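Peer 1: Here the working numbering is used: the first residue of the sequence shown is 5, the next is one more, and so on.
For every residue, glycine included, the Cβ atom is placed at its ideal position computed from N, Cα and C.
Note that the structure is predicted; figures quoted are calculated from it, not measured.
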Amino acid sequence: MSVELDDRAESGVSESEIDRVVAAVLLAEAIGEVEVGVIIVGESDMQDLNREHREQDSATDVLSFPIDEDESLPGVPRMLGDVAICLPVLLAQATEREVSPAAELTDLLIHGVLHLLGYDHETDAGEMLARQDEIGDEIATIVWQPA
C-alpha cells in the first residue's frame, strides 16, 4: 500500500499517521496492494473542487475521486484514487461534534477511503456509516494537533 499526502493547507499531520489509517481501512476491507492520494486543502480549494465535480458552490468536509482502473501493470499497485479533506471544515465540524480535530480527521479519512472502495451513503447510507463506525472503533485516532 502506498499513500501520497499533499498537505496544501499545511495542517502538520504526518504522512505516517495518514498511512496507518488508510492501511487499516484497506485491511478491514481485504484490499490488496493499492495507491491512495490524500490531499488536505483550504476552504476555497474545496469549494472549487465541489463546484467542479458536484455542482455545489460551497466547501464540504471530504470528497473522494475514485479512479476506474481495474488493472495495473504487473508489480505496480493499482491506483485507487484521491481523498480531499478540507481543513477549515474539519476544524469547524470537530467543534460542533465536540470531538478532537484528530478524531474528526480520522473519521473523514475512513469515510473518504470507503467512497474510493465503492461505498455510497446516498444509496446505502446505513451500511456505509455502520462500516465507518466499525472501522473507527477498531483503530486508534490519528495522532495530530493542528498547526
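Count the other CB atoms within 10 Å of the CB of T99; is the residue buried (16 or more) or exposed (fewer)?
Peer 2: exposed
Peer 1: First and last residue of the beta strand (DSSP E) that includes D10?
Peer 2: Residues S6 to D11.
Peer 1: Who are D124's beta bridge partners in DSSP?
Peer 2: None; D124 has no bridge partner.
Peer 1: So what's A88 in DSSP terms, helix, strand or just coil?
Peer 2: strand
Peer 1: In the DSSP assignment, find the unbroken alpha helix (DSSP H) run with E39 in it and report its ends.
Peer 2: It is not in any alpha helix (DSSP H) - E39 instead sits in the beta strand (DSSP E) that spans V38 to V45.
Peer 1: Which of the three DSSP states is assigned to E81 in this structure?
Peer 2: In the sequence under discussion, the amino acid at residue 81 is Pro, which differs from the Glu named in the question. Correct three-state label for P81: coil.
Peer 1: Leaving aside the five residues before and after A105 along the sequence, list all residues of the same chain whose C-beta is less than 6 Å from its C-beta, in chain order.
Peer 2: Reading off the sequence, residue 105 comes out as Pro, not Ala. The residues are L95, A98 and P150.
Peer 1: What whole-angstrom Cβ distance do V40 and G85 have, given they're in contact under 8 Å?
Peer 2: With a Cβ gap of about 7 Å, V40 and G85 count as contacting.
Peer 1: Please work out which residues of its chain come closer than 6 Å, Cβ to Cβ, to D61, disregarding the five sequence neighbours upstream and downstream, and give them in chain order.
Peer 2: When the five nearest sequence neighbours on each side are left out, the beta carbons in the same chain lying within less than 6 Å of the beta carbon of D61 are those of R55, in order along the chain.
Peer 1: On a Cα-Cα basis, can you pick out the residue from I71, P78, L53 and G36 that is closest to A63?
Peer 2: L53
Peer 1: Check this for me: beta carbons of A107 and V45, under 7 Å apart or not?
Peer 2: no
Peer 1: Are the CB atoms of D23 and V7 nearer to each other than 7 Å?
Peer 2: yes
Peer 1: In the DSSP output, which residue or residues are listed as bridge partners for V66?
Peer 2: I89
Peer 1: Enumerate in chain order the residues of its own chain whose CB-to-CB distance from L120 is below 6 Å, with the five nearest sequence positions on each side excluded.
Peer 2: S68, P70, L84 and G85
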